[in-house]
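Comments concern the structure below.
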C-alpha cells in the first residue's frame, strides 16, 4: 500500500488544506521563507527536549563524584526528566487544543528556563532530581505543540515530509548535545551545562514570540471548548490503530532509553572512553537517527508508513539480538558499537512513521493525540534507567536484553494490533 504521490514536498498551505476535513484560516505558509522559518523554529523547539536529556550525559561520572552519590541516583535524575516530559505532554496537549498553541508553548518554555536555573544551583542530588522533573515538564510543551502545529498546517504525505524536515533540524540535537556537553566540561563543570540550557531556553522564548503565529483559530477552540478534554481523549483512545502505534512508540523509545541511560557508564568506565571520546561516539550513533528519519521522508513518497515501520522494527530486533549475542560471546567494544548503530538506525526510521500514523486520523485532536504519544513514549521509557541501574549499568548484556525485549514486543504489537494490511492509505 503506497502513499499517494500527488503533491510536491514543498506543498503550500492552500494545497494542504484540500486534504483537511476542517477549513479555517492559518498562517500563510505559501512563501518559501515562511516555511523555512517554521521548519527551523519548530525543529529547534523539538530539539529542546533532546538537549535537555543528552547534554549532561557525559557528566554523569563527574556529577556522581561531585554530589557524593551513586550511579543509580544519578540515573534517577534522568528518570525524573523523562517522567516530567510524560506528565507535561498529557497536560499541554489538550490545553493547546482548547486555548491555542502559542500561550501554552511560551508558558512551558518559561518553566524550562526557571528549572534549568534551579538545576545549575542544586546543592544535592534530591534537589537536582526535582529540578530535572520540572525541566522535563517545561520541555514537554515544545515538542507536543510543535507536532500539533504541523498537524494544523499539513496532512498526509506533506505531513510526513514536514516532520522529516523538522527531524533534520531537531535530529542535530542528539549529535551536537553530547559533543557540546563534553567540550563544555573542558571549561566548566556540570553546572555550566545547565547554564547553557538556560540560554537555549531564553533564545527559544524570544524566537517563538517573534516567529510563530497561532495555528489554531479561535473559532475551532470555541467550538470544542476547554471542558471537552475527556471527549478528545475518548476519541483517540477508541482508535485501536492509534493505541497500537502509541504502544510501539513507547517500547521503541524504551529500547533507546536503555542505550541512553547505560552508555555513559558502559563506554567510559568499562571500555575506557574519555568524556570527549564518548561524545564523539554518541554523535556518530545519533547520525544513525538522523539518517533514519530522513530516509523515511524519502521512502514515504512510494512506501506507506506502516511498511517502513515493519522494516524498522524488524531491523531493531535483529540488531539487538546480534548485540546481545556479541555481549554473551565477549566480542569486545566493536561487538557492541556496530549492532548498536544499526539498532539506532531502525529507531530513526520508525520515528516519523509512528508520528504520522498516530496523528493522521485525528486532525481535530492533534494536540491531544500528540500528547498521548509523547506521554507514553516518555512515561514508559522513564522506567528503564532504574531497571538498568539495578541490573547493572556497566554491562552491555543488560542493555541488550532490554533492547531485545522491547523490540520483540513492538513487532508483536505491529502485526497483532496495528495490522499493516488494514491501514488505509495516508493521503
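Numbering (our numbering), first residue to last: 8 to 434.
Using N, Cα and C, we set each Cβ at its ideal position, and we do this for glycine too.
For this session: Write down the C-beta distance between residue 89 and residue 389 rounded to the nearest angstrom, noting that I regard them as a contact closer than 8 Å.
Result: 4 Å
Exercise. Count the other CB atoms within 10 Å of the CB of residue 128; is the residue buried (16 or more) or exposed (fewer)?
Worked result: exposed
For this session: Check the C-beta distance from residue 503 over to residue 347 and give it rounded, since I have them as a contact under 8 Å.
Result: Past the edges of the chain, shown from 8 to 434, lies residue 503, and the structure says nothing about it.
Exercise. Quick one: is residue 154 buried, meaning 16 or more other Cβ sit within 10 Å of its Cβ, or exposed?
Worked result: buried
Exercise. Where residue 417 and residue 139 are concerned, what is the direct C-alpha to C-alpha distance, given to the nearest angstrom?
Worked result: 29 Å
Exercise. Which runs of the alpha helix (DSSP H) spanning at least 4 residues fall entirely within the stretch 388-422, listed in chain order?
Worked result: 391-398 and 403-420
Exercise. Alpha carbon to alpha carbon, how far is residue 312 from residue 148?
Worked result: 26 Å
Exercise. Cα separation between residue 111 and residue 383?
Worked result: In a straight line, the C-alpha of residue 111 is about 20 Å away from that of residue 383.
Exercise. Are residue 200 and residue 62 touching if we call contact CB-CB under 7 Å?
Worked result: yes
For this session: Please list the segments of the alpha helix (DSSP H) lying wholly inside the stretch 62-106, counting only runs of 4 or more residues, in order along the chain.
Result: 67-73 and 78-106
Problem set entry | Option in 252, 73, 278 and 125 with minimal Cα separation from residue 430 | Of 252, 73, 278 and 125, the residue nearest in Cα terms is 252.
For this session: Kindly indicate which three-state DSSP category residue 162 falls into: helix, strand or coil?
Result: The three-state secondary structure of residue 162, taken from DSSP, is coil.
Problem set entry | Residues near residue 271 by beta carbon distance below 8 Å, same chain, minus five either side | 64, 65, 67, 68 and 285
Problem set entry | Sub-7 Å separation of residue 377 and residue 202 beta-carbons | no
For this session: Return the residue from the list 80, 75, 290 and 79 that minimises the CA-CA distance to residue 186.
Result: 290
For this session: Indicate whether residue 179 and residue 136 have their beta-carbon atoms separated by less than 7 Å.
Result: The beta carbons of residue 179 and residue 136 sit no closer together than 7 Å.
Exercise. Closer than 6 Å: is that where the CB of residue 369 sits relative to any heavy atom of the ligand ZN?
Worked result: With respect to the ligand ZN, the structure shown offers nothing to examine, as it has no ligands at all.
Problem set entry | Given 8 Å, three or more beta-carbon pairs between the stretch 347-356 and the stretch 249-267 | With a cut-off of 8 Å, the stretch 249-267 and the stretch 347-356 count as touching, because enough Cβ pairs lie within range.
For this session: Flag this pair as touching only if the stretch 210-228 and the stretch 70-77 have three or more C-beta atom pairs under 8 Å; answer yes or no.
Result: no
Exercise. Should the stretch 357-377 be regarded as contacting the stretch 48-63, the criterion being three or more beta carbon pairs within less than 8 Å?
Worked result: no
Problem set entry | C-beta atoms of residue 380 and residue 367 nearer than 7 Å | no
For this session: Quick one: using the 10 Å Cβ neighbour count with 16 as the cut-off for buried, is residue 197 buried or exposed?
Result: buried
Exercise. So, is residue 103 buried or exposed, given that buried needs 16 or more other C-beta atoms within 10 angstroms?
Worked result: buried
For this session: Have a look at residue 55 and residue 152 and give me their C-alpha separation to the nearest angstrom.
Result: 12 Å
Exercise. With C-beta atoms as the reference, is residue 132 less than 7 Å away from residue 80?
Worked result: yes
Exercise. Counting along the chain, where does the alpha helix (DSSP H) carrying residue 7 start and finish?
Worked result: Residue 7 lies beyond the range of the chain shown here (8 to 434); nothing can be said about it.
Problem set entry | Closest Cα partner of residue 307 within the set 321, 273, 363 and 295 | The shortest C-alpha separation from residue 307 is found at 363.
For this session: Measure the alpha-carbon distance for residue 109 versus residue 49 and round it to whole angstroms.
Result: 12 Å
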